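Take any residue in the sequence shown, note its place counting from 1, add 337, and you have its number in my numbering.
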Amino acid sequence: MSEIITVENLTVAFGKHKVLDSLSMGVQQGEVLGVIGPNGAGKTTLLNTLSGRIKPQGGRIVYQGIEITRVSPAQRCRMGIGRTYQVPCPFENLTVYENILVGGVHGAGFSERKARDKCLEILSFTGIAEKRDILAGKLTLMDRKRLEVARALATNPKVLLLDEVAAGLTEVEVKAVMQIVENIKNMGVTIIWIEHILKTMLEATDQLMCLAEGKNITCGVPQEILASKLVEEVYLGVEDA
C-alpha cells in the first residue's frame, strides 16, 4: 500500500505556543489510523490543518501525491477529504435527508439527482433511514452522531477525519459506531480517527499514533502502543515507581 496522506514537519502556533511542533506522519491508503494523546496535545488542530481550516506556519501536507498545504477547505473537500466534528452541528431546521443532500450537492459537487441517490444509500448505511423526514434538531445524540457521519460521507470522501464520534455515547452505542467505522473502511475509505475511548482505538484501528505537546511521539500497532511505557506516562499518567 502507498501513503494517501503524508505530513512533513507540520508546525502550527497560536502566538508563541506551538500546538503542532514539526509533526511528521503518514497514513496508508485504506487503513484506520487512531490518534490519541492528552488534552492539548494538538489532535483536533491536526484534523483542522488536514481539512484546511487552519493554515500551518511551517511544513507541508501531501495528498495523493499533490501538495495541498495552501489549498482551501472547499477544494480539499472536492478532492476527497471529509470530516466530522466532536459536537455535531447539523442544520437543525432541515430534515435528516436534507442535511445529507447538502453534503452531496455542495460538498461533493454532485448534481441534485446524483446526490439524492447517494443520500438514500447513506441513510441506510448509517442506520437512520427511518429518521429521514425528522428535523435534525429533534434527534437524539446517537442519531446526531450518525447524521454527522452521514453528512461527511455525502461529500464522497477518500479520506474521512473523525473527531470523537463516539464521545458521550453508551457502551452499546459505541459498538454501533465501531461497526459503522468498519463498514466505511470496507468501502475503501481511509480514516483518521481521534477518540478518548481506548476500546475503540484498540479494536477498530490498524495503526495508532500518540501525540504529546504537538509531536508524534510514537506510532504503530495499537496493542503495542497502548502497552508502551512512554504512552502510559504521557497519556495515561502512569509513571514508574
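Beta carbons are placed, not taken as given, at the ideal position from N, Cα and C, and that holds for glycine. On a predicted model such as this, the values are computed, not experimentally measured, just so you know.
Opening and closing residue of the beta strand (DSSP E) in which residue i lies
{"i": "residue 350", "result": "340-351"}
{"i": "residue 373", "result": "369-373"}
{"i": "residue 534", "result": "Unbroken run through residue 534: none, as it is neither H nor E."}
{"i": "residue 502", "result": "No beta strand (DSSP E) contains residue 502, which DSSP labels as neither H nor E."}
{"i": "residue 555", "result": "552-557"}
{"i": "residue 279", "result": "Here the chain comprises residues numbered 338 to 578, so residue 279 is not present and cannot be evaluated."}
{"i": "residue 547", "result": "544-549"}
{"i": "residue 572", "result": "Where residue 572 is concerned, there is no enclosing beta strand (DSSP E), given that its DSSP letter is neither H nor E."}
Cβ shell of residue i (< 6 Å), same chain only, five flanking positions each side left out
{"i": "residue 356", "result": "349, 379, 382 and 551"}
{"i": "residue 543", "result": "368 and 369"}
{"i": "residue 375", "result": "572"}
{"i": "residue 460", "result": "466 and 469"}
{"i": "residue 372", "result": "380, 531 and 546"}
{"i": "residue 414", "result": "444 and 492"}
{"i": "residue 352", "result": "none"}
{"i": "residue 510", "result": "479"}
Alpha-carbon spacing of residue i relative to residue j, whole angstroms
{"i": "residue 493", "j": "residue 527", "result": "12 Å"}
{"i": "residue 547", "j": "residue 385", "result": "17 Å"}
{"i": "residue 364", "j": "residue 541", "result": "15 Å"}
{"i": "residue 453", "j": "residue 377", "result": "40 Å"}
{"i": "residue 578", "j": "residue 568", "result": "For residue 578, the predicted model reports a pLDDT of 36, less than 50, meaning its position is unreliable; a value from the coordinates is still stated below. Distance between the alpha carbons of residue 578 and residue 568 is about 16 Å."}
{"i": "residue 458", "j": "residue 441", "result": "12 Å"}
{"i": "residue 446", "j": "residue 404", "result": "22 Å"}
{"i": "residue 537", "j": "residue 517", "result": "12 Å"}
{"i": "residue 478", "j": "residue 529", "result": "22 Å"}
{"i": "residue 397", "j": "residue 345", "result": "5 Å"}
{"i": "residue 411", "j": "residue 483", "result": "22 Å"}
Cβ distance (whole Å) where residue i is taken to contact residue j below 8 Å
{"i": "residue 465", "j": "residue 491", "result": "Incorrect: roughly 12 Å between the Cβ atoms, too far for contact."}
{"i": "residue 419", "j": "residue 545", "result": "Their Cβ separation, rounded to whole angstroms, is 22 Å, which puts residue 419 and residue 545 out of contact at 8 Å."}
{"i": "residue 341", "j": "residue 401", "result": "6 Å"}
{"i": "residue 559", "j": "residue 481", "result": "With a Cβ gap of about 27 Å, residue 559 and residue 481 do not count as contacting."}
Residue j beta carbon less than 8 Å from that of residue i
{"i": "residue 361", "j": "residue 553", "result": "yes"}
{"i": "residue 409", "j": "residue 366", "result": "no"}
{"i": "residue 432", "j": "residue 476", "result": "no"}
{"i": "residue 343", "j": "residue 399", "result": "yes"}
{"i": "residue 502", "j": "residue 519", "result": "no"}
{"i": "residue 495", "j": "residue 395", "result": "no"}
{"i": "residue 421", "j": "residue 513", "result": "no"}
{"i": "residue 430", "j": "residue 474", "result": "yes"}
{"i": "residue 506", "j": "residue 539", "result": "no"}
is_contact[residue i, chain C] using C-beta, thresh 8 Å
{"i": "residue 559", "result": "No chain C is part of this structure, which consists of one protein chain only."}
Beta-carbon contacts of residue i that lie in its chain and below 8 Å, excluding the five residues immediately before and after
{"i": "residue 504", "result": "423, 532, 533 and 534"}
{"i": "residue 393", "result": "347, 348, 349, 357, 386 and 406"}
{"i": "residue 434", "result": "456, 460, 469 and 470"}
Residue range of the unbroken alpha helix (DSSP H) whose run includes residue i
{"i": "residue 434", "result": "433-439"}
{"i": "residue 509", "result": "508-523"}
Close-in-space but distant-in-sequence residues of the same chain around residue i (CB under 7 Å, 5 per side omitted)
{"i": "residue 555", "result": "547, 562, 565, 567 and 568"}
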